[in-house]
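See below for the structure under consideration.
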Amino acid sequence: MIVGVLATRATLAPKLVQDLIIFVARAAQHDALESVDLPWLRVTVMAIISLVQSQSVQEFRKKPLMILKDIRDFSGVLSVLSSEFNIENFVRLYVESLVDCSTSDESCHVHLIETMETLPIKNFVERIVRKVLGNCIKASRVTDNPDINRTGIWAKKIFAAIEKKYSCELRDAIRKFLEESEINSVKGDSTSKLLSLVFDESKSMPSEISDANIWFSLDHPKAVVRQSALSKIAKSDILKKNTANPQKFINMQDAIIRSLYDDDLSVVQAALSIEGLAAISSPRGLLKAYDDLLVKCTDIIHKGGQ
Numbered sequence: 084m085i086v087g088v089l090a091t092r093a094t095l096a097p098k099l100v101q102d103l104i105i106f107v108a109r110a111a112q113h114d115a116l117e118s119v120d121l122p123w124l125r126v127t128v129m130a131i132i133s134l135v136q137s138q139s140v141q142e143f144r145k146k147p148l149m150i151l152k153d154i155r156d157f158s159g160v161l162s163v164l165s166s167e168f169n170i171e172n173f174v175r176l177y178v179e180s181l182v183d184c185s186t187s188d189e190s191c192h193v194h195l196i197e198t199m200e201t202l203p204i205k206n207f208v209e210r211i212v213r214k215v216l217g218n219c220i221k222a223s224r225v226t227d228n229p230d231i232n233r234t235g236i237w238a239k240k241i242f243a244a245i246e247k248k249y250s251c252e253l254r255d256a257i258r259k260f261l262e263e264s265e266i267n268s269v270k271g272d273s274t275s276k277l278l279s280l281v282f283d284e285s286k287s288m289p290s291e292i293s294d295a296n297i298w299f300s301l302d303h304p305k306a307v308v309r310q311s312a313l314s315k316i317a318k319s320d321i322l323k324k325n326t327a328n329p330q331k332f333i334n335m336q337d338a339i340i341r342s343l344y345d346d347d348l349s350v351v352q353a354a355l356s357i358e359g360l361a362a363i364s365s366p367r368g369l370l371k372a373y374d375d376l377l378v379k380c381t382d383i384i385h386k387g388g389q
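For the sequence shown, the working numbering gives the first residue as 84, with consecutive numbering after it.
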């Protein structure tokens with residue numbers, strides 16, 4: 084299309100770029116509703132992508148974002164195009180804009196979840212996590228915030244969608260956010276505590292191991308927090324009950340096994356105090372962890388450590 088060619092050959096004014104995005108997006112929306120000519124729809128969407136990526140657009144304004152969101156099977160079209168072309172910058176910008184919009188628009192939230200489950204987002208999970216947790220921190224600092232519970236539910240659904248395909252990236256992104264936040268936090272303003280206010284909506288069930296405990300405590304940069312989380316699991320008998328959400332249960336099992344390799348022996352000791360370890364890992368896996376621990380302790384003894 085002419086718009087795509089123009090975008091690659093000239094630097095356009097920001098307002099003109101946004102107007103062109105709206106114009107072409109409406110054309111794509113019309114094509115999706117009135118035509119079964121998918122190749123033509125893909126050409127139209129590709130023109131938008133070319134415009135956005137060549138003009139270094141920093142954000143989608145709400146109006147064009149809502150038009151794009153309402154294009155029939157837009158995520159599916161992007162999925163096909165992503166397998167043929169490099170549209171990563173467009174996808175990143177689109178997903179990040181949906182995150183911002185979804186804080187106040189439920190339809191954007193639903194579409195965001197669908198988009199993250201459909202498109203490859205591995206390379207910018209960290210950016211998404213930063214946006215989500217940044218919003219959670221803001222919500223936790225508002226006195227008597229009536230929306231704090233809704234914010235927690237909003238964030239949980241986003242993380243749950245990411246976790247299905249990118250659990251390692253999610254864990255690493257949260258850990259990095261916590262590390263940087265703890266370094267920069269003001270006195271007495273613990274980031275993990277603020278996030279727990281947002282995520283732990285079931286305070287009436289203190290024995291329950293929440294998603295927040297798994298995401299923000301078991302992999303927390305501070306050893307004392309990791310140790311405390313493991314001690315809570317040991318006291319809860321949750322491994323014996325096996326009543327947790329299946330995915331959450333798997334995530335917790337993985338976190339406990341990782342704790343057996345922790346550099347801080349107090350964390351390892353807390354993990355070893357949990358009953359039922361044999362039920363969450365294969366004998367070979369446990370033997371490997373025990374062997375690693377034995378080597379570590381032997382090395383400490385040889386160096387004269389306590």
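Here a beta-carbon is modelled for each residue, glycine too, at the ideal position from N, C-alpha and C.
Please say whether I316 and I363 have beta carbons closer to each other than 8 angstroms? no
If distances are taken between C-alpha atoms only, which option among I236, S133, I333 comes closest to S279? Residue I236 is the option with its Cα nearest to S279.
Does DSSP put L95 in a helix, a strand or coil? The answer is coil: DSSP assigns L95 none of H, G, I, E or B.
For the stretch 168 to 236, list the alpha helix (DSSP H) runs that are entirely contained and at least 4 residues long, ordered along the chain. 171 to 185, 189 to 201, 208 to 223, all fully within the stretch 168 to 236.
Using C-beta distances below 7 angstroms, list every residue in its chain close to V351, excluding the 5 sequence neighbours before and after it, in chain order. S342, L343, D345, L376
Which same chain residues, not among the five before or five after V135, have their C-beta less than 6 angstroms away from its C-beta? Taking V135 as the centre and dropping the five residues before and after it, the same chain places the C-beta of F173 closer than 6 angstroms to its C-beta, in chain order.
Residue from V160, S137, K145, L116 whose Cα sits closest to the Cα of V128: V160
Since E179 and R210 should fall inside the 8 angstroms C-beta cutoff, what is the C-beta to C-beta distance between them, to a whole number of angstroms? 6 angstroms
For I340, which residues of its own chain have a beta-carbon under 8 angstroms away from its beta-carbon, when the five flanking residues on both sides are left out? I363, S364, G368, A372
According to DSSP, is Q310 part of a helix, a strand, or is it coil? helix
Would DSSP call V140 helix, strand or coil? coil
On a Cα-Cα basis, can you pick out the residue from R309, A110, L370 that is closest to L124? A110
In chain order, what residues of the same chain lie with their CB nearer than 8 angstroms to the CB of D114, ignoring the 5 residues before and after it? Apart from sequence neighbours up to five positions away, the residues of its chain that approach D114 with a beta-carbon distance below 8 angstroms are D120, W123, L124, T127, ordered along the chain.
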